[in-house]
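K.L.:
Let me give you the structure first, and then I'll get to my questions.
Numbering (the UniProt record's numbering), first residue to last: 1 to 215.
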């Protein structure tokens, strides 16, 4: 799947789940030559994030547990509490048909059916407001995307970010049995190149100020 020509479904963002947000920002700055911008807190999920503009309406989200949030116990979403290493664990597709997508996703795994909403204020005071099909706490890496609807939001996270000189070239995955995913991808109308490998992983190839980098 490429960010430049992805029809009919559009990539929204990629989630790089990390164990320590500040350390991950520093590490990624060395790789890409840009500094992720702190986004905010997901108070109902117990996480926080920082963002990198990937151009074409997409962004990279660095996601970590919010150690100061004691109200949300583990397990938290997107593999936060079972993370063995910093890595991409999820990817999100833009959707204006969450109910239909949820019906498809629950056929893949029963837990991927819950639609919920959320909001947070950006640094400039605008309101980010979304509905999404809630990503699960496990597995650590999920190749089937979740869906997010920003139609009620004053803005989109990508539009709050400056041009950072980064551009997404491709997202791809690895899986020991790629054929198990084909029907779900087809029913959702999404494309993802999946290579056969014993490890389940998601990778992003990014054009950055430091050249082409894979994370």
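Cβ atoms here follow ideal geometry from the backbone N, Cα and C, with glycine treated the same way.
1) Quick check on DSSP: helix, strand or coil for residue 149?
2) So which of 210, 175 and 187 has the shortest CA-CA distance to residue 139?
3) Once DSSP output is grouped into helix, strand and coil, what is the label at residue 5?
4) Looking only at DSSP bridge pairs, what is residue 59 linked to?
5) Just reading off the beta strand (DSSP E) that residue 201 is part of, what are its end residues?
6) Given a cut-off of 8 Å, decide if residue 78 and residue 157 are closer than it, judged by their beta-carbon atoms.
7) Secondary structure at residue 70, three-state DSSP: helix, strand or coil?
8) What do you get for residue 182, buried or exposed, if any count of 16 or more other CB atoms within 10 angstroms of its CB means buried?
9) Which residue wins for smallest C-alpha separation from residue 180, given the options 88, 142, 49 and 153?
10) Within the chosen definition, does the stretch 111-123 reach the stretch 27-44 through at least 3 CB pairs nearer than 8 Å?
11) Taking all protein chains shown into account, decide if residue 84 is buried (16 or more other Cβ within 10 angstroms of its Cβ) or exposed.
12) What is the rounded straight-line gap between the Cα of residue 18 and the Cα of residue 45?
13) Would you identify the three-state DSSP class for residue 158, choosing helix, strand or coil?
14) Considering only C-alpha positions, which residue in the set 205, 9, 25 and 52 is nearest to residue 222?
15) Measuring CB atoms only, is the stretch 91-106 touching the stretch 188-198, in the sense that at least three cross pairs come out at less than 8 Å?
16) Looking only at its own chain, which residues have a Cβ that is under 7 Å from the Cβ of residue 108, when we skip the five neighbours before and after it?
17) From what residue to what residue does the alpha helix (DSSP H) around residue 107 run?
18) Helix, strand or coil, according to DSSP, for residue 119 in the structure here?
19) Rounded to whole angstroms, what is the Cα-Cα separation between residue 220 and residue 162?
20) DSSP has residue 65 in a bridge; who is on the other side?
P.N.:
From the atom records:
1) As a first step, residue 149 is located in the chain shown; it is residue number 149 there, counting from the start. Reduced to three states, the DSSP call for residue 149 is strand.
2) Reading the chain shown from its first residue, position 139 is the one you call residue 139. Residue 139 has its Cα closest to that of 175, out of 210, 175 and 187.
3) Translated into the one-based positions of the chain shown, residue 5 becomes position 5. Per-residue confidence for residue 5 stands at a pLDDT of 38, beneath the threshold of 50, marking its modelled position as unreliable; the derived number appears in the next sentence. Coil, per DSSP.
4) Locating residue 59 in the chain shown gives position 59, counting from the first residue. Answer is 13 and 53, bridged to residue 59.
5) Translated into the one-based positions of the chain shown, residue 201 becomes position 201. From DSSP, the beta strand (DSSP E) with residue 201 extends over 201-208.
6) As a working note, residue 157 is residue 157 in the chain shown. As a working note, residue 78 is residue 78 in the chain shown. For residue 157 and residue 78, no; Cβs fall outside 8 Å.
7) Locating residue 70 in the chain shown gives position 70, counting from the first residue. Looking at residue 70 - three-state DSSP - the assignment turns out to be coil, as it is neither helix nor strand.
8) Taking the first residue of the chain shown as position 1, residue 182 is located at position 182. So residue 182 counts as exposed.
9) As a working mapping, residue 180 is identified with position 180 in the chain shown. Each of 88, 142, 49 and 153 was checked against the Cα of residue 180, and the nearest Cα belongs to 142.
10) yes
11) Numbered from 1 along the chain shown, position 84 holds the residue referred to as residue 84. Burial call: exposed.
12) The sequence position of residue 18 within the chain shown is 18, counting from 1. The sequence position of residue 45 within the chain shown is 45, counting from 1. Cα-Cα distance, rounded: 15 Å.
13) Locating residue 158 in the chain shown gives position 158, where the first residue counts as 1. If DSSP states are grouped into helix, strand and coil, residue 158 belongs with the helices.
14) With the chain running from 1 to 215 in the structure shown, residue 222 is simply not present.
15) yes
16) Indexing the chain shown from 1 puts residue 108 at position 108. Cβ-Cβ distances below 7 Å link residue 108 to 144 and 184 in the same chain, with the five nearest sequence neighbours on each side left out; the list follows chain order.
17) Reading the chain shown from its first residue, position 107 is the one you call residue 107. It spans 98-108 - the alpha helix (DSSP H) in which residue 107 sits, taken as one unbroken run.
18) Along the chain shown, read from residue 1 onward, the residue named residue 119 stands at position 119. Correct three-state label for residue 119: strand.
19) There is simply no residue 220 to check, as the chain begins at 1 and stops at 215 in what is shown.
20) Along the chain shown, one-based indexing puts residue 65 at 65. Partner(s): 47.
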